[in-house]
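In the numbering used here, the protein residues as written are 97 to 880. For glycine and all other residues, C-beta sits at the position ideal for the given N, C-alpha and C. No experiment lies behind these values; they were computed from the predicted model shown.
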């Protein structure tokens with residue numbers, strides 16, 4: 097009887113919502129774009145001789161609701177573009193879609209890039225300490241997402257080698273799992289090794305948003321130190337964007353992005369990409385011949401077991417622009433990867449057969465509807481990763497750096513294994529935003545994720561370790577309130593409630609526990625004038641230990657089931673200033689000061705035999721520092737910029753396990769973390785080279801990382817000459833040329849990386865590739 101009542105109640109509610117949606121007042125919505133297809137933010141859309149009007153958002157989208165039936169003149173205008181008008185007739189209850197294309201106003205071309213704000217610039221105007229990268233400017237390069245992030249103030253991407261290598265992103269001193277990753281606001285925690293920011297090409301993104309310290313509630317995350325959100329966007333309804341590159345170390349990259357959308361809103365979207373590299377670059381190592389014992393302290397030898405490739409397809413089919421859904425997509429992400437493992441946590445360990453395979457098979461659901469009910473916006477996403485990972489170590493030999501091998505017992509190169517496992521990751525997110533009026537809004541978000549590792553090893557079928565449970569369920573509930581006076585000031589307050597359940601059988605009998613944490617925060621910004629913006633934000637944030645930290649990753653991360661949740665007080669203060677000296681010289685200056693005070697800080701250290709990493713807690717770590725960015729543009733052909741970051745991470749743990757008295761490293765600088773680094777770039781654009789509509793762009797990038805301690809500074813190695821205890825200073829130069837034909841339809845790019853062939857290290861002894869050259873070919877066409 098109860099089941100019948102519930103079903104009847106559900107049918108009644110569905111019928112009510114459907115009837116309400118059908119009988120709602122007329123509305124007008126659409127997208128405003130430039131002639132080249134770029135979204136125009138902050139465009140003014142009005143119905144002449146009425147009080148109805150709005151402005152477009154960062155994606156160029158707009159909506160005017162509660163419009164009575166009748167005939168109107170709809171006008172769209174934006175600084176730097178020729179206004180357009182269109183006569184429309186609305187029937188009662190009609191939901192009219194009216195898209196606009198605006199032409200550049202020729203007499204304002206030199207100022208439009210400064211006065212007209214792009215989607216990325218709109219993001220940067222938020223109250224949060226955020227930087228948005230306009231990914232479209234990098235489409236003709238061979239960069240992946242991590243390479244683009246490495247040029248942002250406050251970020252340092254540390255890789256252990258070439259294409260597909262392990263990476264660790266540091267954001268204002270926080271790194272690893274302190275920083276969370278999202279794609280279109282969806283957490284990437286369960287995407288597996290086939291879909292990570294160091295193998296996703298930049299072409300898949302419209303922009304990349306970097307939130308430093310305080311993370312917006314709507315992202316639904318328990319990040320401790322920041323978040324990266326990859327926004328794929330929907331600039332074009334019908335387009336093909338394809339590119340292929342080839343370069344040093346037999347490196348191949350291919351990308352195809354495409355979408356087809358009919359007039360009635362049916363859409364098919366496709367993203368496909370692959371990466372391949374032998375990664376056979378030369379490294380300088382201490383080598384010893386396993387047969388003769390001959391020792392060479394600084395041999396220059398090629399990596400011989402480091403091939404990597406991955407292939408990924410992201411497909412979606414559904415509808416857009418409907419009364420019941422702005423977007424409703426059913427999709428699937430499929431892919432696979434193969435990674436040979438050349439070294440352990442240090443290059444002293446060398447392997448010749450050990451490798452890893454993985455795949456991803458993830459069905460997805462994406463739903464979004466603004467104004468589903470009056471003032472209520474709804475976003476729902478769900479996915480479940482059915483993919484597998486396998487660790488393969490079957491050769492009972494030992495290798496040296498010359499590629500020689502000889503028998504070595506029966507335990508494989510590290511630990512004989514054919515372990516195949518599924519992490520069974522699932523995710524469901526819901527975001528509700530209710531607009532009280534033009535200035536106030538309430539938001540509620542909930543993110544539920546699950547992890548349940550199941551696996552077996554045919555070489556060790558009786559190993560009880562594989563039968564022990566490794567399961568985690570986590571829920572992040574958030575609520576927030578925002579008040580916004582456009583172009584004057586805005587403020588947001590929010591709270592988060594995090595709950596995590598662990599069922600753990602690692603290193604012993606199974607045990608379970610549930611942990612709950614509450615966090616809260618605020619962010620505010622004030623515009624002194626159109627050019628000068630002040631920002632401040634604070635958050636008491638919590639982060640639960642990740643499944644891979646608790647259970648290990650079966651490769652280079654050991655398990656630690658005793659990890660405690662960490663907590664941090666994060667404070668940001670920032671200023672942004674845009675100014676012009678005259679019509680041709682434009683400047684953008686952004687500066688931020690940071691303070692972090694974390695307890696039970698989770699960090700990675702080497703295990704006892706220094707062959708693997710293990711996550712551990714420190715009682716406390718205090719961080720203070722800042723970053724700054726200066727950009728300059730001359731007319732429309734020269735741009736230059738520089739970023740600088742300084743951060744001091746201080747150990748606040750007074751007592752060390754196993755030692756008596758106050759620790760010798762109390763208040764010492766945290767080791768093995770870059771603390772002073774920066775970037776510089778210059779780009780020159782030459783129009784109409786060869787023929788009208790063909791453009792040549794020449795760019796240069798510089799990366800500098802100051803030397804930093806590998807171990808505690810107070811325990812020796814305080815001079816740069818003591819190389820065994822320091823990661824040396826890094827100085828990297830890149831150069832690129834891009835020739836675009838027919839307004840960007842055909843593009844040819846040439847890149848030279850690490851021009852001086854410097855020995856580069858993000859991590860101690862793990863050398864990165866030397867000088868490399870790449871050719872990139874790209875084709876783009878859009879019909880609407």
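Which full runs of the beta strand (DSSP E) of 3+ residues lie inside the segment 560-604, going along the chain? 566-581, 585-600
Spatial neighbours of residue 881 within its chain, please: C-beta separation below 6 Å, excluding the five flanking residues on both sides. With the chain covering only 97 through 880, there is no way to say anything about residue 881.
Three-state secondary structure (DSSP) at residue 527? strand
Cut-off 8 Å between Cβ atoms - residues of its own chain near residue 314, not counting five sequence neighbours on either side: 281, 527, 529, 539, 541, 574, 576
Rounded to whole angstroms, how far is the Cβ of residue 863 from the Cβ of residue 446, which I believe are closer than 8 Å? So it is not a contact: roughly 13 Å between Cβ atoms.
Please confirm if the segment 358-367 is in contact with the segment 393-401, defined as three or more CB-CB distances below 8 Å between the two stretches. no
Distance between beta carbons of residue 610 and residue 597, contact taken as under 8 Å: 5 Å
Suppose the cutoff is 6 Å on Cβ atoms and the five residues either side in sequence are ignored; what does the same chain contact list for residue 531 look like? 471, 537
Compute the distance between the beta-carbons of residue 244 and residue 184, then report whether it is under 8 Å. no
Measure the C-alpha to C-alpha separation of residue 494 and residue 851 and round it to an integer number of angstroms. 35 Å
Proximity winner among 325, 369, 326, relative to residue 341 (alpha-carbon distances): 369
Going along the chain, which residues of its own chain have a beta-carbon closer than 6 Å to the beta-carbon of residue 403, five neighbours each way excluded? 374, 436
With a threshold of 16 other CB atoms inside 10 Å of the CB of residue 359, please say whether the residue is buried or exposed. exposed
By Cβ distance, which residues of its chain are closer than 6 Å to residue 725, with the 5 residues on each side in sequence left out? 249, 686, 739
Would you report the Cα separation of residue 731 and residue 792, rounded to the nearest angstrom? 16 Å
Could you please give me the residues that DSSP links to residue 287 through a beta bridge? According to DSSP, residue 287 bridges with nothing at all.
As a quick exercise: from 712, 715, 735, 644, pick the residue whose alpha carbon is nearest that of residue 681. 735
Under 8 Å: do the segment 264-280 and the segment 438-452 share three or more Cβ pairs, one atom per stretch? no
Taking the continuous beta strand (DSSP E) assigned at residue 659, which residues delimit it? No beta strand (DSSP E) holds residue 659; DSSP gives it neither H nor E.
Nearest CA to the CA of residue 452: which residue from 458, 633, 514? 514
Local Cβ density within 10 Å of residue 181, reported as buried at 16 or more and exposed below that: exposed
If you compare alpha carbons, which of 795, 751, 804 is closest to residue 777? 795
Could you pull the DSSP bridge partners for residue 860 from this structure? Paired residues: none, contrary to the question.
Who are the Cβ neighbours of residue 97 in its own chain at under 6 Å, not counting the five residues just before and after it? With a pLDDT of 39 at residue 97, under the threshold of 50, the predicted position of this residue should be treated as unreliable, though the coordinate-derived value follows. Once the five neighbours on either side are set aside, residue 97 has no close Cβ partner at all.
Helix, strand or coil for residue 766? Go by DSSP, reduced to three states. coil
Hey, would you say residue 334 sits closer than 8 Å to residue 878, going by beta carbons? yes
If you draw a straight line from the C-alpha of residue 769 to the C-alpha of residue 805, how long is it? 8 Å
In terms of residue numbering, what span does the beta strand (DSSP E) encompassing residue 698 cover? 681-702
Let me make sure I understand the geometry here. Which of 454, 421, 422, 285 has the alpha-carbon closest to that of residue 431? 454
Just how far apart, CA to CA, sit residue 848 and residue 719? 36 Å
Against chain C, does residue 660 count as a neighbour if the rule is that its beta carbon must be under 8 Å from one of theirs? Protein chain content of the structure displayed is limited to a single chain, and chain C is not contained in it.
Determine, using beta carbons only, whether residue 165 and residue 186 come nearer to each other than 8 Å. yes
Go ahead and pull the three-state DSSP assignment for residue 865. coil
Compute the distance between the beta-carbons of residue 511 and residue 708, then report whether it is under 8 Å. no
Work out the CA separation of residue 277 and residue 305 for me, nearest whole Å. 10 Å
Name the two residues that bound the continuous alpha helix (DSSP H) containing residue 532. No alpha helix (DSSP H) holds residue 532; DSSP gives it neither H nor E.
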